[in-house]
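By the UniProt record's numbering, the letter at position 200 of the sequence shown is numbered 200, and the numbering carries on one by one without gaps.
We treat Cβ as the ideally placed atom computed from N, Cα and C, and that holds for glycine.
In this text the structure is predicted, and so the values were computed from the model without any measurement.
Below is one structure; the comments refer to it alone.
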Amino acid sequence: MAKRSDAKEFYFVQLSDTHWGFKGPKVNPDAEGTLKKAVAAVNGLAQQPDFIVFTGDLTHTTDDPQERRKRLAEFREIVSELKVKKVHFMPGEHDASLDHGEAYQEFFGKTHYTFDHKGVHFIVLDNVSDPTASIGEAQLQWLATDLNAQPKDARIVVFTHRPLFDLYPQWDWATRDGDKAIALLMPHPNVTVFYGHIHQENHHMTGHIAHHSAKSLIFPLPAPGSQPKRTPLPWDAAQPYKGLGYRDIEADVQTAQYRITELPVVKG
């Protein structure tokens with residue numbers, strides 16, 4: 001795939017919800033192979049991205065602290081095979097909600113932070129370490145301080161695991177105080193949010209702020225409210241890896257626009 005050569009334009013890859021450690025052959029009989037296939041697919045891209053971001057649920061939840069660390073270590077080992085070494089991580093609730101992110105931080109560092117790349121300011125928010133699905137006042141104050149240091153017309157991208165808006169709270173597809181984060185972001189005209197958690201592609205606007213969710217790399221989930229329970233969609237042997245994938249995002253910094261391309265784990 002050809003990428004633009006303008007120095008102020010770039011692209012990155014988003015992967016999400018790998019759930020390393022999940023077992024369920026009716027949902028994904030290749031649970032131990034899908035992440036490795038995704039790593040191979042990204043390594044096989046004709047042009048490597050500027051960086052890669054994993055938007056949470058790196059591992060599948062477990063009550064056993066030793067098993068949690070084992071899964072985090074195994075995940076880290078698998079993704080170390082990526083050619084691109086600039087990789088940004090953030091936790092999902094499966095990684096962090098049971099111990100407030102303690103084990104996650106041992107392997108990947110801070111759960112919320114910022115970085116800048118070619119004229120874009122990136123903000124990683126943690127709305128999972130608090131088991132109430134909140135960002136929390138301390139982190140909101142941190143966000144406000146960071147945003148106050150940015151020009152009003154700054155190009156801002158936010159990465160988060162859960163949606164910041166109320167997509168479907170009945171299924172935990174919301175952030176309790178996400179509206180406060182959105183209110184802090186709203187004065188900036190060039191903000192885009194990329195998140196995971198819902199295991200499917202979804203696009204939503206809160207005012208001028210666009211929110212884009214990513215597919216999962218372990219199993220797809222049903223459309224919000226489409227069935228009584230939030231249960232994974234069964235594996236389709238006729239269409240293996242259906243509903244799974246990752247995306248590349250091409251940034252046009254001059255216009256603060258993002259072109260999203262969804263990619264399958266395995267090409268048919």
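Contact check, residue i vs residue j, beta carbons under 9 Å
{"i": "F75", "j": "L98", "result": "no"}
{"i": "R247", "j": "W171", "result": "no"}
{"i": "G56", "j": "H88", "result": "no"}
{"i": "V193", "j": "R155", "result": "no"}
{"i": "A11", "j": "D64", "result": "According to the sequence shown, residue 11 is Tyr rather than Ala. No. Outside cutoff."}
{"i": "A174", "j": "S16", "result": "no"}
{"i": "V124", "j": "G101", "result": "no"}
{"i": "F159", "j": "M90", "result": "yes"}
{"i": "D126", "j": "A103", "result": "no"}
{"i": "N202", "j": "L244", "result": "no"}
{"i": "H112", "j": "W142", "result": "yes"}
{"i": "V27", "j": "I249", "result": "no"}
Contacts around residue i, its chain only, beta-carbon distance under 7 Å, and the 5 residues preceding and following it disregarded
{"i": "Q48", "result": "K83, V84"}
{"i": "L35", "result": "T18, W20, I78, L217"}
{"i": "K23", "result": "A31"}
Run of the beta strand (DSSP E) containing residue i, from where it starts to where it stops
{"i": "Y168", "result": "Looking at the DSSP string, Y168 is not in any beta strand (DSSP E), and its letter there is neither H nor E."}
{"i": "D252", "result": "245-252"}
{"i": "F122", "result": "120-124"}
{"i": "T18", "result": "Here T18 belongs to no beta strand (DSSP E), and DSSP marks it neither H nor E."}
{"i": "A40", "result": "Premise fails: A40 lies in the alpha helix (DSSP H), 34-43, not in any beta strand (DSSP E)."}
{"i": "Q257", "result": "257-264"}
{"i": "A73", "result": "First-last for A73: 65-79, but that is the alpha helix (DSSP H), not the beta strand (DSSP E)."}
{"i": "F219", "result": "From DSSP, F219 is part of no beta strand (DSSP E); its letter is neither H nor E."}
{"i": "R155", "result": "155-160"}
{"i": "T114", "result": "113-117"}
Opposing strand residues paired with residue i [DSSP bridges]
{"i": "E9", "result": "D252"}
{"i": "D130", "result": "S134"}
{"i": "N190", "result": "Bridge partners of N190: none, in fact."}
{"i": "N28", "result": "According to DSSP, which records beta bridges pairwise, N28 is partnered with nothing at all."}
{"i": "Q14", "result": "V53, R247"}
Close-in-space but distant-in-sequence residues of the same chain around residue i (CB under 6 Å, 5 per side omitted)
{"i": "A71", "result": "With the sequence shown as reference, residue 71 is identified as Arg, and Ala is not the correct amino acid for it. Once the five neighbours on either side are set aside, the close Cβ partners of R71 are W20, G21, T59."}
{"i": "A256", "result": "R155, N190"}
{"i": "H211", "result": "V193, H204"}
{"i": "F54", "result": "L15, F89"}
{"i": "D177", "result": "S134, I135"}
Residue i, enclosing alpha helix (DSSP H) - first and last residue
{"i": "D179", "result": "178-185"}
{"i": "L58", "result": "That residue, L58, is in no alpha helix (DSSP H); it is neither H nor E in DSSP."}
{"i": "H94", "result": "93-96"}
{"i": "Y104", "result": "102-108"}
Heavy atom of the ligand COA within 8 Å of residue i beta-carbon
{"i": "H94", "result": "The model depicted lacks the ligand COA and carries no ligand whatsoever."}
Close beta carbons around residue i, own chain, < 8 Å, minus the five adjacent residues each side
{"i": "K8", "result": "K118, G119, V253, Q254"}
{"i": "residue 307", "result": "The structure shown has nothing for residue 307, since the chain only spans 1 to 268."}
{"i": "K152", "result": "P187, H188, P189"}
{"i": "P220", "result": "H199, Q200, P232, L233, K242, G243, L244"}
{"i": "S226", "result": "none"}
{"i": "M1", "result": "Per-residue confidence for M1 stands at a pLDDT of 33, beneath the threshold of 50, marking its modelled position as unreliable; the derived number appears in the next sentence. Cβ within range, chain order: L45, A46, Q47, D248, T261."}
Residue i at chain B interface by Cβ criterion, 9 Å
{"i": "D130", "result": "In the displayed structure, chain B is absent; only one protein chain is listed."}
message: Using a Cβ distance threshold of 8 Å, determine whether the segment 136-144 contacts the segment 227-241, with at least three qualifying pairs required.
response: Between the segment 136-144 and the segment 227-241 there are fewer than three inter-stretch CB-CB distances shorter than 8 Å, so the stretches are not counted as touching.
Touching by the beta-carbon criterion (3+ pairs, under 8 Å), the segment 203-222 and the segment 174-194: Here the segment 203-222 lies against the segment 174-194, with 3 or more beta-carbon pairs under 8 Å apart.
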